[in-house]
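One structure is given here, and the rest of the page talks about it.
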Amino acid sequence: MMLKNGLIMFLDRLMNKLIFASKFYLKPGHITQIKSCPYCHGNNLKNYTKKREALVWVSLKQCQDCDFIFQSPRLSERGLEQYYKKDYRKMRRVPDFENNFSRELRKGQNYLNQIHPYISDFKNKKILEIGSARGGILKVFKDLGADVEGLEWDIACREFANKKGINTKVQFNELNNSKFDLIILSHVLEHVDDYSSFLEEITGVMNDDSLIFISVPGRKTFERSIQIAHLYYFTPESLKAICDKYFSDCLFINDNIDALYRREKSFE
Ligand SMILES: [Zn+2]
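Per this note's numbering, residue 7 is the first one in the sequence shown, and the count goes up by one each step.
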């Protein structure tokens, strides 16, 4: 019986992969070639590495002028929309929400330990996580008395988080012009098509002394992090160069790559 279920699950996953690979290759409007560096706009690009995911080659290029690494060809804006709506969860599905929630709690504890030296008391602090998944990271801060809100596209994750008491919405315009003391972006920036506009938009919900914590896949996990959904492959240096344009005070950035910024330098 177990063997039969295992076989059915295997065939189901294989079918998903085949369907996805055919869609990926056959819909030209869903694929785009990136002809110049998204960071410095230089045209001097070379092939960096490639890896298969779900029968699709994920190819990375590196800019020879600034070393920035990114995926090309990759899903276009339209392709990404379709991918997140229909394929992403199916391809990377981990059905056990409780188990994932526990993993998020551990991650949240790790983030808390890193942020604690800069915010000693979280009571009544307003915290926004963008891409908040099942709400586990926010739960850690809520338990310390913080006033937390999440934004999450995936409806199943959103419903789960709301059941756990984590107030989760879909997009920015539902935030009622609130400003937040701390913004959390956990493994989000590498997915965002236009990270410049995205970071610009985030500054709109921050005060001058607000902090932003950003985590992206680190150097040690580079190989594992290569996937269709990851458009950009940051190093601490490239992430810093990008963040420095929007936030003026880098409190830390490490090899994992976790970074904490204050929007404006404080001169106390
Ligand atoms: Zn470049």
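Every residue gets a Cβ at the ideal spot worked out from N, C-alpha and C, and that includes glycine.
Only a predicted model underlies this, so the values are computations on that prediction, with no experimental measurement involved.
By the three-class DSSP mapping on this structure, what secondary structure does ASP93 have? Position 87 of the sequence shown holds residue 93. ASP93 falls in the helix class under three-state DSSP.
Where does the unbroken beta strand (DSSP E) through TYR267 begin, and where does it stop? For the purposes of this step, residue 267 is taken as the residue at position 261 of the sequence shown. Per DSSP, TYR267 belongs to the beta strand (DSSP E) from 264–268.
Close beta carbons around LEU205, own chain, < 6 Å, minus the five adjacent residues each side: Sequence index remark: in the sequence shown, residue 205 carries index 199 (1-based). Cβ within range, chain order: TYR252.
So, for LEU280: in the same chain, excluding its five sequence neighbours on each side, which residues have a beta-carbon less than 6 Å away from its beta-carbon? This structure cannot settle anything about residue 280, because the visible part of the chain is limited to 7 through 274.
Meets three-Cβ-pair contact criterion under 8 Å: the segment 225–245 and the segment 191–205: Three or more Cβ pairs drawn from the segment 225–245 and the segment 191–205 lie within less than 8 Å of each other, which places the two stretches in contact.
Does ligand 1 have a heavy atom nearer than 7 Å to the CB of TYR239? As a first step, residue 239 is located in the sequence shown; it is residue number 233 there, counting from the start. Checking the Cβ of TYR239 against ligand 1 gives no.
Looking only at DSSP bridge pairs, what is TRP159 linked to? For the purposes of this step, residue 159 is taken as residue 153 along the sequence shown, with counting starting at 1. Partner(s): none; TRP159 has no beta bridge.
If you follow the beta strand (DSSP E) that ILE232 is part of, which residue opens it and which one closes it? If you number the sequence shown from 1, residue 232 lands on position 226. From DSSP, ILE232 is part of no beta strand (DSSP E); its letter is neither H nor E.
Would you call ILE172 buried or exposed, if buried means 16 or more other Cβ atoms sit within 10 Å of its Cβ? Position 166 of the sequence shown, counting from 1, holds the residue named residue 172. Per the 10 Å Cβ criterion, buried.
Could you tell me which of GLY142, SER28, LEU157, ILE218 sits nearest to GLN120, measuring between CA atoms? Indexing the sequence shown from 1 puts residue 120 at position 114. Among GLY142, SER28, LEU157, ILE218, the Cα nearest to that of GLN120 is on ILE218.
Contact test: TYR45 Cβ vs ligand 1 heavy atom, cutoff 7 Å: Position 39 of the sequence shown holds residue 45. Checking the Cβ of TYR45 against ligand 1 gives yes.
Paired residues, beta bridge with ASP153 - DSSP: Start at 1 with the first residue of the sequence shown, and residue 153 comes out as number 147. Beta-bridge partners of ASP153 (DSSP): LYS132.
ARG109 lies in the alpha helix (DSSP H); which residues open and close that run? As a position in the sequence shown, residue 109 is number 103, starting the count at 1. According to the DSSP assignment, ARG109 belongs to the alpha helix (DSSP H) that extends over 103–121.
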